Every structure is written in structure tokens, then in C-alpha cells.
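Line by line, the protein sequences are chains C and F.
The first sequence begins at 1029 in the working numbering and counts up by one.
The second sequence begins at 1029 in the working numbering and counts up by one.
Yeah, the Cβ is synthetic: ideal placement off N, Cα and C, and Gly gets one too.
All values derive from a computational prediction rather than experimental measurement.
Report on the structure given below.
Number of protein chains: 2
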Amino acid sequence: MRHDIQSTRRSFLGASLAAAGGIGAAGCASTAAAPQRRSSLLTPNCKVLFQGDSITDAGRDRNHADQPNAQAALGDGYAWFAAAGLLTAAPTTGLRVWNRGVSGNKVFQLAERWQADCLALVPDVLSILIGVNDLWHAKNGEYQGTVAIYERDYDALLARTRQALPSVQIVVCEPFVLRCGAVKDTWFPEFDHYRAAARRVADRHGARWVPFQAMFDAALAYAPPAHWAGDGVHPSAAGAALMAQTWRDVVEGRATVR
Amino acid sequence: MRHDIQSTRRSFLGASLAAAGGIGAAGCASTAAAPQRRSSLLTPNCKVLFQGDSITDAGRDRNHADQPNAQAALGDGYAWFAAAGLLTAAPTTGLRVWNRGVSGNKVFQLAERWQADCLALVPDVLSILIGVNDLWHAKNGEYQGTVAIYERDYDALLARTRQALPSVQIVVCEPFVLRCGAVKDTWFPEFDHYRAAARRVADRHGARWVPFQAMFDAALAYAPPAHWAGDGVHPSAAGAALMAQTWRDVVEGRATVR
């Protein structure tokens, strides 16, 4: 039995992602750049690094942090589900995946550990999901951050990354929440401003955008918010599985983003 | 923001699935047909039906069995994870997905309820995962089945389906086990004969093959058997998430099978 890519026709998924993108457009601050076809960011022997907060961390074992491709090192969240799909479909391509997400992190805390937990790993593809704590911890009084500080710090982090790793492919994942659990109406519209800031940062630094909020907004037609994230912030297995599919569609170039 | 398909190049995923297929070849009875490029089986407004045993059932709520696209009706397994990915990527295409898997079923029990639970729904795409109970229940004395009976009954079921629904697209999922929990060495090589029989049935009836055993065999490089299925038969969330990605790759035509 042999598998090979079907790359000669416009697929149902293509049309469907257009629809999903349309939904996404309602909630993001995308600049109106011309649409572009994109290729996969993944190449043989490439190194992929997932960075972020608890959503990315997902219980990973720090004792295995340096070991690529091992479930214990990758946790139980979207990063692991996406890695497992990639690695299982591509067992012989030399792909190496790491996860260095840390629970509770805000964007300035990524910067504090960036040399050891990003630059030293010299990733070819760097995927970042950060932002919900920048608002959450400000709302609960643990942090004095603002949208402007988030955008400034995120811009500085990506500029520093691009300077140290000129050829790195950067993936910026849209911060998201489900309206349940810890997520209160008082988070809005401010949370939407953090999402818009993340999109501006992604566009300024030529990063590929993964529309997680748009995805979850569309998913609410099929299951309630708590099904996807019980506390509104941390995805369930179903939420993580859905994130992994969307992440792969974007990163593997099955979707392009305007 | 707008998404669109990237369909102009051979992708990393294509090469990677070739590798996965190579692994699959070691364990299946694929006929040596010439490789074919395949299109997506999914078209706008199509009806997809998942059929099988407890792996497909995955705790679905019978009270919602007639309701397409609802999580409660689709359970918490690979069928739901695949449906959620499809529906969220394609919220406007009119796709409708049902699940009528029933825990404990063997292939002859699918036949007993086939008129109501398959033919009456007139699916455009029918996905079947059946076989582990045909062996398991024979091993534990609950059933007198054999590989020959499984293959005979499966052939008859698909012939009946094709006669009633001449245009249905059939997807046959490879029965699989992980070597842990309830799965004993005494299941082998007999279980491999059930997998081979399922592949022969798929080829005889022009069905698309989803190589779940090959997928899990490849996944063992990254996590132990119990991570994917605690009892060796029923997938964990990670196992179900991986199955959903592979099912979509095959059914959406990103992979072709020799």
C-alpha cells in the first residue's frame, strides 16, 4: 500500500476553509493584503517548536523537555495532537518537534526565557500561542498589562527572533476564549483587541496566522462552549483535537490567509 | 481574512503519507493495483454516516441519533473529532454527519440493523470500522465466528449496500489493536488475518481504505500502546484525535492508496 498527495484539484476542504476564513474575518483585524497561495512550512528534517502558555504546555514533562517527538515532552494538548498527526503521517522525514510552553506565561515572560527556550533550539518553524493570560491576569489584578504593552512586547519578541533566526518560519496562533467558566462578559470587547493586536503583529513580521478564535466560533454550532473548554480558556480533548487539525491545515499550506 | 486551498504543489504531507503507507504495506493484504490519485469523497450537501462498534459509538446519545452534526449524537470518539474538523472548516457547505456505531457489534450485527441504521439514511459517504469484536468475542467464547465468516458477512454487507445505494462512496477502516490491556499474544497472527480480510473486502467493493493499524504502528515510536488505547481496543482522546486526522487525510483525497 502506498500513499501519495492529491494535489491536482481544488478540494472540498479548500472551499470549506474559504467559508471558515469568512467567519474568521468577522472577528479579526486582518490587513487587506492580496490573497496568496502558500506552501507547507514543513520540510524534511525541519525542527518545529511550540511556544506559549498553559494551553501549549498541557502538562508536558520538563524532565523530557530536550527530547523531540516524545509524548511526555509534548504534553496532552493541541501541540502533541498536531505533532502526533505529523509524525505518524511522516515517520521517515526527520521531523523533530519540541514544546516549551509554560503555564501562566504572558508575552513578557516568553521574552525572559527566549534565549534558552527558543533561540538556542534554532527552530525552522516556531509556533506561538500567547495572550489570554495578558488579559486574564490583568483582570484579576495579578498583572498591570494592557493591550498596548502586549502588542509592544510581542512585536519586540518577534523582531528579536527574526534577527537571531533570519530564516525561521513564524506561526502566530490567534488567542481565543470560549464564553463559559472563568471567561466573563467584562473580558469583552477588550479580549477582541488582544486578538486584533496579535494579528497585527503576525502581519508585521510575516508570520502565518492560525485562526483559533474563528475556528471555535464556528464550532459552537455543533457543541456548547464548555464542550470545547470547560473553563473557557483550557481546551478539552475535543478542543485540542480541533486545534490540531486547524493548525495542520494552515501550517501544511492547505489554507492560505489574506 | 480569507482561506483558500493550496493545490499546486507536492506537499510534505504527501511525501509523509507515502512513508506511512509504506509501513502500512507491511501489515496489510493490499492488492498491487496501480497507484491512483484520488479526489475528496466529500461534496457540498453530502451526507456522511459513520458505522461500527464501540470505537465508533464512543458514548453517543441515542436520543439524538437522527440529528446530524450534533456532538451529543456523534459521541466523543474519532467520528466526532473528524466531523468537528470537517464541519468547523466547512460551516457553509451543507455537510451532514451521522453516527450509528453500536458498542459490541460484530459485522453480522451491522447487517441485522442495516436497513434502519444505514440504507434508510441514504448516505453519500459510508465509513465502516468493524472487526475487533469478531475476533475478541470469539476468543472469549461469546461468539463462534471465524475470519472466513467475517469476510463472508462483510462482503455480503457491502454487496447489499452497493445494490441499495449504487452511488454511495464506501470507506473501510482497518481494524486495529494496540498490544496492551485486553489484547493478548494469543490474538496473533489471527487478528492480522481479520485486517487482511477487511482489506480484501474493501478492494473487492471499490472502497477507500483507512490504514488505522499502520497509523498506530507508526505512532508507537512516540508514545506507548496504552497512551493510544488503555485496553488495547478503545482509543484514548489522543488515539481518537490521531484517527480523525488520518481519516480526513484519506477521505478528503490528500492521500491515495495503492
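Taking CB distances under 8 Å as the criterion, tell me whether P1119/C reaches chain F. Taking the first residue of the first sequence as 1, we reach residue 1119/C at position 91. By this cut-off, P1119/C is an interface position.
Given a limit of 7 Å on CB to CB distance, which residues of the segment 1083-1098 of chain F reach chain C? N1097 and A1098
Grouping DSSP H, G and I as helix and E and B as strand, with all else coil, what is A1054/F? Along the second sequence, one-based indexing puts residue 1054/F at 26. Note that A1054/F has pLDDT 27, beneath the 50 cutoff, so the model's placement of it is unreliable and no number is given.
Ends of the beta strand (DSSP E) at K1075/F? Start at 1 with the first residue of the second sequence, and residue 1075/F comes out as number 47. Note, K1075/F: beta strand (DSSP E), K1075 to G1080.
Looking only at C-alpha atoms, which of D1085/C, N1091/C, W1237/C and T1121/C sits nearest to P1203/C? Start at 1 with the first residue of the first sequence, and residue 1203/C comes out as number 175. When only C-alpha atoms are compared, the closest one is W1237/C.
Check whether the segment 1081-1092 of chain F and the segment 1214-1231 of chain C are in contact - that is, three or more C-beta pairs closer than 8 Å. no
Which residues of chain C have a Cβ atom closer than 8 Å to the Cβ of G1113/F, listed in chain order? Position 85 of the second sequence, counting from 1, holds the residue named residue 1113/F. Under the 8 Å cutoff, chain C gives A1269, L1270, Q1273 and T1274.
Determine the direct distance from the alpha carbon of A1107/F to that of Q1137/F, and round the result to whole angstroms. Residue 1137/F sits at position 109 when you count from the first residue of the second sequence. Residue 1107/F sits at position 79 when you count from the first residue of the second sequence. Spanning the two alpha carbons is a distance of roughly 20 Å.
Just the C-alpha distance for P1263/F and H1255/F, rounded to the nearest angstrom, thanks. Residue 1263/F sits at position 235 when you count from the first residue of the second sequence. Residue 1255/F sits at position 227 when you count from the first residue of the second sequence. About 8 Å.
Per-residue DSSP class, three states only, for I1156/F: Start at 1 with the first residue of the second sequence, and residue 1156/F comes out as number 128. Of the three classes helix, strand and coil, the one that applies to I1156/F here is strand, per DSSP.
Kindly say whether T1116/C, judged by its beta-carbon, lies nearer than 8 Å to any beta-carbon of chain F. Counted from its first residue, the first sequence places residue 1116/C at position 88. Closer than 8 Å to some Cβ of chain F, the Cβ of T1116/C qualifies, so yes.
Taking Cβ to Cβ, would you say L1186/F is nearer than 8 Å to P1253/F? Your numbering for residue 1186/F matches position 158 in the second sequence. Your numbering for residue 1253/F matches position 225 in the second sequence. No, Cβ-Cβ distance for L1186/F and P1253/F is not below 8 Å.
According to DSSP, residues forming a beta bridge with C1201/F: Residue mapping note: residue 1201/F aligns to position 173 of the second sequence, counting from 1. According to DSSP, C1201/F bridges with V1238/F.
Grab me the residues of L1102/F's own chain with a C-beta within less than 7 Å of its C-beta, minus the 5 sequence neighbours each way, in chain order. Your numbering for residue 1102/F matches position 74 in the second sequence. Correct list, in chain order: R1088, W1108, A1111, V1125 and N1127.
Residue-level contact to chain F via CB, A1251/C, 8 Å cutoff: Numbered from its first residue, the first sequence carries residue 1251/C at position 223. Judged by the 8 Å Cβ criterion, A1251/C is in contact with chain F.
W1142/C - containing alpha helix (DSSP H), residue span: As a position in the first sequence, residue 1142/C is number 114, starting the count at 1. Counting along the chain, the alpha helix (DSSP H) containing W1142/C begins and ends at W1142 to D1145.
For R1124/C, write down the residues that DSSP places opposite it in a beta bridge. Numbered from its first residue, the first sequence carries residue 1124/C at position 96. Looking at the DSSP assignment, R1124/C forms a beta bridge with K1075/C.
Taking the Cβ atom as the reference point for each residue, do K1134/C and H1165/C lie within a distance shorter than 8 Å? Taking the first residue of the first sequence as 1, we reach residue 1134/C at position 106. Taking the first residue of the first sequence as 1, we reach residue 1165/C at position 137. Yes, the pair counts as a contact, with Cβ atoms nearer than the cut-off.
Contacts of H1165/C in chain F (Cβ-Cβ under 7 Å): Along the first sequence, read from residue 1 onward, the residue named residue 1165/C stands at position 137. Per Cβ cutoff of 7 Å: no residues; H1165/C is ~28 Å from chain F at best.
Taking the alpha helix (DSSP H) that H1255/C falls in, what are its first and last residues? Taking the first residue of the first sequence as 1, we reach residue 1255/C at position 227. Start and end: P1253 to W1256.
Determine, using beta carbons only, whether V1076/F and S1155/F come nearer to each other than 8 Å. Against the second sequence, residue 1076/F aligns to sequence position 48. Against the second sequence, residue 1155/F aligns to sequence position 127. It is a contact, given that the beta carbons lie within the stated cut-off.
If you draw a straight line from the C-alpha of T1189/C to the C-alpha of F1078/C, how long is it? Counted from its first residue, the first sequence places residue 1189/C at position 161. Counted from its first residue, the first sequence places residue 1078/C at position 50. About 14 Å.
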